[in-house]
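A.B. asks:
Number of protein chains: 2
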Amino acid sequence: MYVIEFEPVGRRGVCPEGETLLECARRLDVDIVNVCGGAGVCGRCKVQVVSGAVSPPDAGEKEALTDREVADGYRLACMARPLGNVKVHVPPESLTAPQRTQVEGLELAVKPDPSFQSMDLELTPPTIEAQHADETNLREALARAGLDDCRIDFAVLQRLSPRLRTEKWRVRAAVRPESRPGASDAEVVAVGAGTGLPTRWCGLAVDIGTTKVAAYLVDMQSGRTLGSKGLMNPQIAYGEDVVARIYAAGKSAESAAKLQTLLVDALNDAVGGLCDAAGVSPGDVADAVIVGNTAIHHLFLKLPVLQLGLAPYVPALRSAIDVKARDLGLGIAPGAYVHLLPNIAGYVGADHVAMILGTGLAEKDGVTLAIDIGTNTEMCLNRRGEMASVSCASGPAFEGAHIKHGMRAAPGAIEHVRLDGERLSVQTIGGLPPTGICGSGLLDVVAQLRKNDVVDSTGRMRQHPLVRLREDGMKEFVLAGRAGKDDITISQKDVRELQLAKSAIRLGVRVLAESAGVHETEIDEVVIAGAFGTFIDVESAITIGMLPDLPREKFSQVGNAAGTGARLALLSLPRRREAAAVAARIRYIELAAVPDFNLKLIEASAMKEGAY
Amino acid sequence: MYVIEFEPVGRRGVCPEGETLLECARRLDVDIVNVCGGAGVCGRCKVQVVSGAVSPPDAGEKEALTDREVADGYRLACMARPLGNVKVHVPPESLTAPQRTQVEGLELAVKPDPSFQSMDLELTPPTIEAQHADETNLREALARAGLDDCRIDFAVLQRLSPRLRTEKWRVRAAVRPESRPGASDAEVVAVGAGTGLPTRWCGLAVDIGTTKVAAYLVDMQSGRTLGSKGLMNPQIAYGEDVVARIYAAGKSAESAAKLQTLLVDALNDAVGGLCDAAGVSPGDVADAVIVGNTAIHHLFLKLPVLQLGLAPYVPALRSAIDVKARDLGLGIAPGAYVHLLPNIAGYVGADHVAMILGTGLAEKDGVTLAIDIGTNTEMCLNRRGEMASVSCASGPAFEGAHIKHGMRAAPGAIEHVRLDGERLSVQTIGGLPPTGICGSGLLDVVAQLRKNDVVDSTGRMRQHPLVRLREDGMKEFVLAGRAGKDDITISQKDVRELQLAKSAIRLGVRVLAESAGVHETEIDEVVIAGAFGTFIDVESAITIGMLPDLPREKFSQVGNAAGTGARLALLSLPRRREAAAVAARIRYIELAAVPDFNLKLIEASAMKEGAY
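Protein sequence lines correspond, in order, to chains A and B. Mapping to our numbering: the first sequence position 409 is 566, numbers consecutive. Mapping to our numbering: the second sequence position 495 is 652, numbers consecutive.
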């Protein structure tokens, strides 16, 4: 029996010797496309073996795959048989049902005031008597438009001559104004069409999560979001969490480069798709704002990460930075800058700053907590302008990892659970037969078990008609029986995993409140951000003591506020500057340095409402 | 019989069917290394087939070559047999004798005042209580050293974290100061070792000619040239002259990229060799100045060139530019800038500006002519501060092309000739048996023929014991007989080729003089720059009317002044700025737009002293 893991769906299970990857995937309810019924003919069930050994490809498989694919570990799932523990990446096109990702946040209410201005320029065609260089010609047109001292990006120059001629010497330029009067750093970052249909400048905002990525294409004139796209972070093949990826990248310069390329390739695909759908060219995308946690930020920028994984956990870069798109391989206008919002600390990154911007936290009166729940949960408390942030290692339980029947929020995942005495009802994503349990479902089921006293306030599981003893002596609660398959259950161990996560989060809230000199009950507002936070039941979170017991109307769930913040920073240079100013003001509290950390963590583990 | 061309040595000849490339090369005196005597065993006679078909590689050849080499057209000269007309590139390592290239110019007399300053910085190691980001840490050290507002290059950031730790938080930084007070564009372009042996910052100056490249490694503190290296421009495989290369690059984005990569790869090899010899690392090279003619400048920068080949022959870029080394793939410190001096026009480039800087032309009193003779001959006349330049299409005769026994200045080339009645003496490079005639030899022999009245003032060849009639009716002068091989001769056609070249040059001198309102005889000084100019006999040039008949002491031959100018611009920011100011001041005269151009060209063709 081998352990097989399917990524990015996050399903893991055992596979008897001799079984194919497709058979194993079916048993684990990973829906791999398959048209020919496993005969090795249709070639639709391509998967990539990320680690571990499988049977060598036969002649038919080699025919269905390109040499490059074979070299990259691609196989037909219906033909490859594991020879040991194997980790398999299922590419999106081989999945029958798309995963649920969250890209929508607050609607934007901001006046577009981007980092560049659009200028329509008319140049003078050169003659043999007046052999103006094309660059001189552009400079003179800029001077006529009032811009006397302006840099022209090198990549713009590299494309200028043919563009001027096809556009008959009328072009539209994207120009970054001086950063401050007299700085003489105004710069032409893109030159587009000026005749016929003049270029409509767009911008790209991306929130790169450890697991999921949300990309937005924005019209920089109207401020309208033209399209959005959710995708999985392909780096997941190198590790579920950022620590695993830091070590993967630290192995060699090649691995670090590979992690970056994987991500940028996926972003370029997304940009291509978004642009196609909106009827614009990637070359018309003249600005980008990208946010992510500190490790993801560093990996994306090819900055060194090893020091992030070792005490004192120091980022290479904290300040906001503008990097040329071409330096990152990002397929937008090559002279465009990519703006990265500042990081706060090694485990509080630019996505946190974006969340603060997206929720408007810094402008709120009173005492407000903003929280983004995930593998790492970052939160920020604003007490009348005094702001502090912490990061809690809440672990991957919400992503379905380390939970026996855990899975990501894909169709068939149990997302809501109600238990009323012995009456159990479960709701799955897409209303499909249940195949596992996702984070919001896990939170619900444990809360329901707690409410019905099946789990006590220390987290111990008690007797109940649906609780049974496994052969290994572990208690488990049966959520759903399945014909011909093992039941979907929540075990004592699963409850403990969730308890660990919730303790870390609750401790974070407490430390922030104490450090601000307020009691948890004095919090006026709790803003829950992030994809996961959108789907959780606040009542459940309070029931198990993950969040403080405040009146329910004080909570709001705002979706992907980091993505919203990224779009705000993209559309509005004043907001971008505000984000930098706020980031500089935030006090970072290192939880590991809090006195009596372990004692406080145990206190925070109590599974009850109003623990403090 | 097939026509075989060997590059970059510039030898061409016919090859009977069935002969190997090695046999053909031997007959043409191209000295390809060969240890095993043509048995296909030693693998030393690797050549690259650039165009045309040869016999397919056999098993032995495939063993001697890598797959990559085979794919790139590499073959063993001793095994490959032409199947048609073939162009062959002989890589330097397959040539027994190095070619003569010219890298030395005037000695430098300049106080080093480079574009960056070296700063020794001591940073504060971070702790868990003070988790300074590495970039913040560097910024604070810069602030302590008086630099409050400073950009840090992105590539520097990408390498900073491990460097700080291996150097124990003491580093030496190369910092470009603000371009003017208040510009806030100071920038850290490299961070080197600060402990043990601190980094010695170096600079790179390169003069890229159409045929030859001269590279210099300079110590930026002492100003000493640590090493110099001459190499062939590998783009020659894509065309002898710039026009051929413009069309080759214009074919597709891939060809343009290939032309750039070829050149950069060769430069990187040269940089590696120079650094090795000087005991420094390419990462310690923190600045570079590169010059070349406009087409080479554009090809190197991957700027579009098609518009250079079409009227009105407009450069994409005329101004000086600083480009990040990484944007060009140049293997020096990746945050370093590469400075390109300004161009003047489509056919008067940055190398001309460098020559003016290197000869000090702009500072000279009186009337001075500076001239760089080559495939294109550029010259500049300074009449008491008023400066004008022209470019003359002098053609490739001086490089040995289009001349029956022409060759480049390689060992065995006839470089000097004296004819005294019937007594003929020839001198070859290296004193080897003659294998052909190079540019200075061609100039000499035609001048000697003219002096002895074998060629009349219209360029017609007369009777002489050494003049004979070929089968095709063409007259030719026998320079050297060779046992078992055809004689080395100069034909009437060869004389006409040289006459074309000299007419273009002399017309340029005349147009400049007329435009400055002086007579040629009023020129106070003639500075002959360039590799070829070093080796020519001024007397011969005057005899055939290529240069005006001035007292001989008014001429000086200064070697590679463009290379000297590049080094001056590298070492001294004031000189670099002076070059830009001079370039902006120079009036460019387009010869094609001169009234009665053809008539004047015919007048300039007279083969006699003092024609005007």
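Glycine included, every Cβ here is placed at the ideal spot set by N, Cα and C.
1) For B:S208 and B:L463, what's the separation of their Cα atoms in angstroms?
2) Helix, strand or coil for A:C150, going by three-state DSSP, please let me know.
3) Would you identify the three-state DSSP class for B:T451, choosing helix, strand or coil?
4) Checking contacts by CB at 9 Å: is A:D604 closer than that to chain B?
5) Is the number of C-beta pairs between the stretch 472 to 481 of chain A and the stretch 405 to 421 of chain A that are closer than 8 Å three or more?
6) Looking at the structure shown, is B:M512 part of a helix, part of a strand, or coil, going by DSSP?
7) Identify which residue in A:F689, A:I699, A:T700, A:G503 has its Cα closest to the Cα of A:V715.
8) Tell whether a beta-carbon distance below 9 Å holds between A:I161 and A:L179.
9) Cβ atoms of B:D398 and B:P553: under 9 Å apart, would you say?
10) Is B:P472 near A:A290, with beta carbons less than 9 Å apart?
11) If you compare alpha carbons, which of A:N425, A:G523, A:V346 is closest to A:V133?
12) If you check the beta carbons only, do A:D364 and A:V448 fall under 9 Å apart?
13) Kindly give me the distance between the Cβ atoms of B:S648 and B:M631, rounded to whole angstroms, as I take these residues to be in contact under 8 Å.
14) In terms of residues, what are the limits of the alpha helix (DSSP H) holding A:N500?
15) When Cβ atoms are compared, which residues of the stretch 453 to 470 of chain B fall closer than 8 Å to chain A?
16) Determine the direct distance from the alpha carbon of B:A519 to that of B:H573, and round the result to whole angstroms.
17) Just list the alpha helix (DSSP H) runs in the stretch 660 to 745 of chain B, keeping only unbroken ones of 4 residues or longer that don't cross its boundaries, in chain order.
18) Name, going along the chain, the residues of the stretch 314 to 328 of chain B whose beta-carbon falls closer than 8 Å to a beta-carbon of chain A.
19) For B:D643, report the span of its beta strand (DSSP E) as first-last.
20) Closest to A:E512 by CA distance: which of A:H562, A:A527, A:A502 is it?
21) Using the C-alpha atoms, what's the distance from A:G440 back to A:D491?
22) Identify every run of the alpha helix (DSSP H) within the stretch 204 to 252 of chain A, keeping only runs that are complete inside it and at least 4 residues long; order them along the chain.
23) List, in chain order, every chain A residue whose beta-carbon is nearer than 8 Å to that of B:A502.
24) Quick one: using the 10 Å Cβ neighbour count with 16 as the cut-off for buried, is B:N294 buried or exposed?
25) CA-CA distance, A:E747 and A:I453?
26) Cβ of B:R483 less than 9 Å from any chain A Cβ?
27) Kindly identify the DSSP beta-bridge partner or partners of A:V524.
28) I'd like to know if the stretch 565 to 581 of chain B and the stretch 624 to 643 of chain B are in contact, where contact means that at least 3 CB-CB pairs between them fall below 8 Å.
29) Which residues, in chain order, does the stretch 749 to 767 of chain A contribute to contact with chain B at a C-beta distance below 9 Å?
30) If the criterion is Cβ atoms closer than 9 Å, does the pair A:Y159 and A:L240 meet it?
31) Out of B:L707, B:P499, B:K408, state which residue places its alpha-carbon closest to the alpha-carbon of B:V446.
32) State the Cα-Cα distance for the pair A:P785 and B:V328, rounded to the nearest angstrom.
33) Compile a chain-ordered list of the residues in the stretch 338 to 350 of chain B whose CB is closer than 9 Å to at least one CB of chain A.
34) Could you spell out the range, first to last residue, of the alpha helix (DSSP H) harbouring A:A558?
35) Who are the neighbours of B:E292 on chain A, taking C-beta pairs under 7 Å?
36) Using the Cβ count rule (16 or more neighbours within 10 Å means buried), how would you classify B:S546?
C.D. replies: Reading it off the structure:
1) Residue 208 of chain B sits at position 51 when you count from the first residue of the second sequence. Residue 463 of chain B sits at position 306 when you count from the first residue of the second sequence. Distance between the alpha carbons of B:S208 and B:L463: 23 Å.
2) Missing from the structure shown is residue 150 of chain A; chain A here goes from 158 to 769 and no further.
3) Walking along the second sequence from the start, residue 451 of chain B turns up at place 294. It is helical.
4) Residue numbering aside, residue 604 of chain A sits at position 447 when the first sequence is read from its first letter. Just to set this straight, residue 604 of chain A is Ala in the shown sequence, not Asp. Taking Cβ atoms only, chain B never reaches closer than 9 Å to A:A604, which makes this a no.
5) no
6) In the second sequence, counting from the first residue as 1, residue 512 of chain B sits at position 355. Three-state result, B:M512: helix.
7) On the first sequence, position 558 is the one that residue 715 of chain A refers to. The shortest Cα separation from A:V715 among A:F689, A:I699, A:T700, A:G503 belongs to A:F689.
8) Counting from 1 along the first sequence, the entry for residue 161 of chain A is found at position 4. Counting from 1 along the first sequence, the entry for residue 179 of chain A is found at position 22. Not in contact: A:I161 and A:L179 (Cβ atoms no closer than 9 Å).
9) In the second sequence, the residue the question calls residue 553 of chain B occupies position 396. In the second sequence, the residue the question calls residue 398 of chain B occupies position 241. Contact: yes.
10) Sequence index remark: in the second sequence, residue 472 of chain B carries index 315 (1-based). Sequence index remark: in the first sequence, residue 290 of chain A carries index 133 (1-based). Their beta carbons are under 9 Å apart, which means B:P472 touches A:A290 by this criterion.
11) Residue coverage of chain A in this structure runs from 158 to 769, which leaves residue 133 of chain A outside it and unanswerable.
12) Within the first sequence, the letter at position 207 stands for residue 364 of chain A. Within the first sequence, the letter at position 291 stands for residue 448 of chain A. Contact: yes.
13) Sequence index remark: in the second sequence, residue 648 of chain B carries index 491 (1-based). Sequence index remark: in the second sequence, residue 631 of chain B carries index 474 (1-based). Right, the Cβ-Cβ distance comes to about 5 Å (below 8 Å), so this counts as a contact.
14) Translated into the one-based positions of the first sequence, residue 500 of chain A becomes position 343. Here A:N500 belongs to no alpha helix (DSSP H), and DSSP marks it neither H nor E.
15) L458, K459, L460, P461, L463, Q464, A468, P469, Y470
16) Counting from one through the second sequence, the residue named residue 573 of chain B turns up at place 416. Counting from one through the second sequence, the residue named residue 519 of chain B turns up at place 362. Those two C-alpha atoms are separated by around 33 Å.
17) 688 to 692, 695 to 700, 718 to 728, 730 to 742
18) L314, Q315, R316, L317, S318, P319, R322
19) Looking up residue 643 of chain B in the second sequence gives position 486. Start and end: 642 to 648.
20) The count along the first sequence starts at 1 and reaches residue 512 of chain A at position 355. As written in the sequence, residue 512 of chain A is Met, which differs from the Glu given in the question. Here the closest residue by C-alpha is A:A527.
21) In the first sequence, residue 491 of chain A corresponds to position 334, counting from 1. In the first sequence, residue 440 of chain A corresponds to position 283, counting from 1. The identity of residue 491 of chain A in the sequence shown is Pro, whereas the question assumes Asp. Straight-line Cα distance between these residues: approximately 7 Å.
22) 216 to 221, 224 to 228
23) What you label residue 502 of chain B is simply residue 345 of the second sequence in a count that begins at 1. Here the neighbours are Q288.
24) The sequence position of residue 294 of chain B within the second sequence is 137, counting from 1. So B:N294 ends up on the buried side.
25) Start at 1 with the first residue of the first sequence, and residue 747 of chain A comes out as number 590. Start at 1 with the first residue of the first sequence, and residue 453 of chain A comes out as number 296. Whole-angstrom Cα-Cα distance: 19 Å.
26) The sequence position of residue 483 of chain B within the second sequence is 326, counting from 1. It does: the Cβ of B:R483 has a partner Cβ on chain A nearer than 9 Å.
27) Numbered from 1 along the first sequence, position 367 holds the residue referred to as residue 524 of chain A. Partner(s): A:R540.
28) yes
29) A749, A750
30) As a first step, residue 159 of chain A must be located in the first sequence, where it is residue number 2. As a first step, residue 240 of chain A must be located in the first sequence, where it is residue number 83. It is a contact, given that the beta carbons lie within the stated cut-off.
31) In the second sequence, counting from the first residue as 1, residue 446 of chain B sits at position 289. Of the candidates B:L707, B:P499, B:K408, the one whose C-alpha sits nearest the C-alpha of B:V446 is B:P499.
32) The question about residue 785 of chain A has no answer, for chain A in this structure spans 158 to 769.
33) G339, A340, S341, D342
34) Residue 558 of chain A sits at position 401 when you count from the first residue of the first sequence. Where A:A558 is concerned, there is no enclosing alpha helix (DSSP H), given that its DSSP letter is neither H nor E.
35) Here the question's residue 292 of chain B lines up with position 135 in the second sequence. Simply A473, L474, R475, S476.
36) Counting from one through the second sequence, the residue named residue 546 of chain B turns up at place 389. By the 10 Å Cβ count, B:S546 comes out buried.
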